[in-house]
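Q: Note that the numbering used here has the sequence shown beginning at 12, numbered continuously upward. A virtual CB, placed ideally from N, CA and C, is assigned to each residue, including glycine. Below is a structure I'd like to ask you about.
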Amino acid sequence: MTLPIFTLESVPGREVEALGLVRGSTVRAKHIGSDIVAGLRNLVGGEIREYAALLGAAREQALDRMLDEARALGADAVIGVRFETSTIAQQASEVMAYGTAVRFR
């Protein structure tokens, strides 16, 4: 079941009961092959597709994990959704998705 997610702090036209903070995260490391291709692409400019794909997959996994927590609480939606990133090590970064799980009244 797909839960609706909102960056808004409320759901227009709906009264909600807050169930609590939900979050999901993943830590991803760069692949040496991607680094080589990215280094070459850096010479000529343009989007570094290998890194864009890596970060896109990390965001989706963090979001999926956040939604799993929300489902476990019996939520109908997640509001106030945000993403954060942080560097864990020189070659690894964490991507976190978080928000407030809510039930519609």
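Within 10 angstroms of its Cβ, does E80 collect 16 or more other Cβ (buried), or is it exposed?
A: By 1-based counting over the sequence shown, the position of residue 80 is 69. Under this definition E80 is a buried residue.
Q: Go ahead and pull the three-state DSSP assignment for L30.
A: As a first step, residue 30 is located in the sequence shown; it is residue number 19 there, counting from the start. The answer is strand: DSSP assigns L30 an E or B state.
Q: Should L78 be labelled buried (16 or more other beta-carbon atoms within 10 Å of its own) or exposed?
A: Mapped onto the sequence shown, residue 78 falls at position 67. Counting Cβ neighbours within 10 Å, L78 comes out buried, since at least 16 surround it.
Q: From which residue to which residue does the beta strand (DSSP E) around A100 run?
A: For this step, residue 100 is matched to residue 89 along the sequence shown. That run of the beta strand (DSSP E) goes 88-100.
Q: For the putative contact between V22 and A103, defined by C-beta atoms under 8 angstroms, what is the C-beta separation to the nearest angstrom?
A: Working through the sequence shown from its first residue, we reach residue 22 at position 11. Working through the sequence shown from its first residue, we reach residue 103 at position 92. Not confirmed; about 36 angstroms, so no contact.
Q: Determine the DSSP secondary structure at R116, reduced to helix, strand or coil.
A: If you number the sequence shown from 1, residue 116 lands on position 105. Residue state, collapsed to three classes: coil.
Q: Helix, strand or coil for G67? Go by DSSP, reduced to three states.
A: Along the sequence shown, one-based indexing puts residue 67 at 56. Three-state DSSP puts G67 in a helix.
Q: Taking 8 angstroms as the threshold (C-beta atoms), are R76 and G35 in contact?
A: As a working mapping, residue 35 is identified with position 24 in the sequence shown. As a working mapping, residue 76 is identified with position 65 in the sequence shown. Yes, the Cβ-Cβ distance between G35 and R76 is below 8 angstroms.
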